[in-house]
Amino acid sequence: MFLRFDRHATQLPPPSDPDPQGAACVQELLGGKYGEMSTLMNYTFQSFNFRNRQGARPFYDLVANIAAEEFGHIEIVAAAINTMLTDPAEAEAEAPSKVDGGSFGNPQHFIAGGRAALPQDSNGNPWNGDYVHASGDLIEDLTHNFFLETGARNNKLKVYEMVEHPAARALTGYLLCRGGVHQVAYARAIEKLTGADLMKMFPSPRIPTEKIPECKPHIEKGEHLKLYRFSPSDYLELGAVFTGPHPETGEELEVVDKAPEGVPPMDLPSQPDAFAPDVAPEEIAEIAARLRSEAGMSEKPSGEVAQNEEGVVDKVKDALT
Ligand code: MN3
Numbered sequence: 001m002f003l004r005f006d007r008h009a010t011q012l013p014p015p016s017d018p019d020p021q022g023a024a025c026v027q028e029l030l031g032g033k034y035g036e037m038s039t040l041m042n043y044t045f046q047s048f049n050f051r052n053r054q055g056a057r058p059f060y061d062l063v064a065n066i067a068a069e070e071f072g073h074i075e076i077v078a079a080a081i082n083t084m085l086t087d088p089a090e091a092e093a094e095a096p097s098k099v100d101g102g103s104f105g106n107p108q109h110f111i112a113g114g115r116a117a118l119p120q121d122s123n124g125n126p127w128n129g130d131y132v133h134a135s136g137d138l139i140e141d142l143t144h145n146f147f148l149e150t151g152a153r154n155n156k157l158k159v160y161e162m163v164e165h166p167a168a169r170a171l172t173g174y175l176l177c178r179g180g181v182h183q184v185a186y187a188r189a190i191e192k193l194t195g196a197d198l199m200k201m202f203p204s205p206r207i208p209t210e211k212i213p214e215c216k217p218h219i220e221k222g223e224h225l226k227l228y229r230f231s232p233s234d235y236l237e238l239g240a241v242f243t244g245p246h247p248e249t250g251e252e253l254e255v256v257d258k259a260p261e262g263v264p265p266m267d268l269p270s271q272p273d274a275f276a277p278d279v280a281p282e283e284i285a286e287i288a289a290r291l292r293s294e295a296g297m298s299e300k301p302s303g304e305v306a307q308n309e310e311g312v313v314d315k316v317k318d319a320l321t
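Residue numbers (the numbering used here): 1 to 321.
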């Protein structure tokens with residue numbers, strides 16, 4: 001079972017100039033063969049199908065626990081795409097304005113999604129269950145996972161090169177760092193099972209992550225070394241596998257015995273031209289406030305978001321610096 005926290009894995013910048021062409025490229029990191037839907041579903045099915053997990057507990061814990069982090073990666077890729085598709089001017093517009101259909105790299109972002117992410121790749125093809133490799137053979141699956149993380153890093157760097165929007169850059173900087181941890185984790189697991197020295201394969205692909213400005217803040221916080229435990233009481237044997245030096249920096253790998261704190265999500269503004277969440281969002285807000293009152297709740301919404309009550313993203317500035 002998943003326990004869900006309404007937090008984002010990392011802070012993304014607020015919406016600025018929309019970049020629908022760039023958003024279509026970023027879709028590869030969501031629903032592409034090497035995207036986050038693939039990492040999530042590969043590790044999820046491998047953990048569902050894992051036999052004799054008591055006999056192989058550290059390896060089961062590793063795969064099942066990394067699957068949980070991947071859910072948050074899907075969430076943050078979707079958030080980046082949604083940010084890039086948000087038009088701050090449209091949020092302020094009195095009436096829906098004419099939409100430039102030609103600006104959309106994927107017209108379904110507007111038509112099907114309401115200016116939002118879709119479970120598709122950068123060509124608009126739906127994510128495919130054939131991307132899941134869960135053979136039941138532990139060494140085979142771990143080797144596949146190492147390769148999958150390698151391909152994922154390759155695609156992230158290419159999307160970084162293709163898209164300059166600040167949300168895409170912040171996203172890829174973060175995911176390159178975290179995907180690197182998962183790549184090291186699977187390499188370590190294969191080494192401990194077979195004795196093969198995969199440390200010589202790093203970095204793979206040959207990406208000098210420390211030279212990418214958007215990776216730097218995460219590396220400075222040691223995020224390239226930490227494997228978080230995404231459960232209050234389970235997956236206790238990660239530390240039996242995730243040990244030793246980081247293959248690129250030589251620093252000691254570290255299991256953090258709790259979930260990461262995360263940050264409050266950005267509350268992206270309504271986009272009335274795409275009826276998201278409605279052509280008259282203030283009417284829905286009125287209904288919501290009335291329902292809260294009738295239920296004995298505060299008239300004000302309870303959730304925590306990145307913006308304060310005036311809509312100012314003051315918390316974000318702190319988190320981004
Ligand atoms: Mn990932």
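For each residue, glycine too, the CB sits at the ideal point set by N, CA and C.
Asked: Beta strand (DSSP E) segment containing LEU227, residue limits; Found: 226 to 228
Asked: Own chain residues within Cβ distance below 7 Å of ALA23, not counting five before or after; Found: ILE81, MET84, LEU85, GLY105, HIS109
Asked: Three-state secondary structure (DSSP) of VAL241; Found: coil
Asked: Nearest candidate by alpha-carbon position, reference GLU299, set ARG290, GLN307, ALA306; Found: ARG290
Asked: Beta-carbon proximity of LEU3 to SER231, cut-off 9 Å; Found: yes
Asked: Nearest neighbour of ILE76, chosen from GLY32, ALA167, MET199, HIS182 [CA to CA]; Found: ALA167
Asked: DSSP-derived helix/strand/coil call for ALA306; Found: coil
Asked: Where GLN27 sits in the DSSP three-state scheme; Found: coil
Asked: Three-state secondary structure assigned by DSSP to VAL77; Found: helix
Asked: Cβ contact check for the stretch 171 to 190 and the stretch 58 to 77: 3 or more pairs under 8 Å; Found: yes
Asked: N-terminal and C-terminal residue of the alpha helix (DSSP H) that VAL347 is part of; Found: Lying outside 1 to 321, the shown extent of the chain, residue 347 is not represented and no answer is given.
Asked: N- and C-terminal bounds of the alpha helix (DSSP H) containing LEU198; Found: First-last for LEU198: undefined, no H or E at that position.
Asked: Environment of PRO14 [buried if 16+ CB atoms lie within 10 Å]; Found: buried
Asked: For MET297 and VAL312, the rounded distance between their alpha carbons; Found: 25 Å
Asked: Helix, strand or coil at ALA276 according to DSSP, with G and I counted as helix; Found: strand
Asked: Beta carbon shell of the ligand MN3 at less than 7 Å from a heavy atom; Found: GLU36, THR39, GLU69, GLU70, HIS73, ALA152, LEU175, ARG178, GLY179, HIS182
Asked: Beta-carbon contacts of ALA196 that lie in its chain and below 7 Å, excluding the five residues immediately before and after; Found: ILE190
Asked: Unbroken stretches of the beta strand (DSSP E), 3 residues or longer, contained in the stretch 148 to 179; Found: none
Asked: Collapsed DSSP secondary structure at HIS144 in the structure displayed; Found: helix
Asked: ILE284 classed as buried or exposed, judged by whether at least 16 other C-beta atoms fall within 10 angstroms; Found: exposed
Asked: Sequence ranges, alpha helix (DSSP H) only - wholly within the stretch 46 to 78, length at least 4; Found: none
Asked: Beta-ladder partner(s) of GLN271, from DSSP; Found: ALA276
Asked: Reference GLN11; option with closest CA among LYS98, LEU238, ALA170, GLU254; Found: ALA170
Asked: Backbone CA spacing between THR194 and GLU140 [nearest angstrom]; Found: 11 Å
Asked: Where VAL184 falls: helix, strand or coil (DSSP); Found: helix
Asked: Endpoints, alpha helix (DSSP H) assigned at SER293; Found: 281 to 294
Asked: Continuous alpha helix (DSSP H) stretch holding PRO217: start and end; Found: 216 to 220
Asked: Sub-9 Å separation of LYS258 and TYR235 beta-carbons; Found: no
Asked: Neighbourhood of GLU90 by C-beta, 6 Å cutoff - its chain only, sequence neighbours within 5 removed; Found: GLN271, ASP273
Asked: Same chain, Cβ closer than 7 Å to ASP318, five either side skipped, listed in chain order; Found: Low confidence applies to ASP318: its pLDDT is 48, below 50, so where it sits in the model is not reliable enough to give any reading.
Asked: Inter-residue Cα distance where the pair is ASN42 and GLN120; Found: 17 Å
Asked: Residues of its chain near THR321, where Cβ-Cβ distance is below 8 Å and the 5 sequence neighbours each way are ignored; Found: Confidence in THR321 is poor, its pLDDT being 41 and thus under 50, which makes the residue's placement too unreliable to answer from.
Asked: C-alpha distance - PHE242 paired with THR249, whole-angstrom precision; Found: 15 Å
Asked: 9 Å Cβ cutoff met for VAL305 and PRO265; Found: yes
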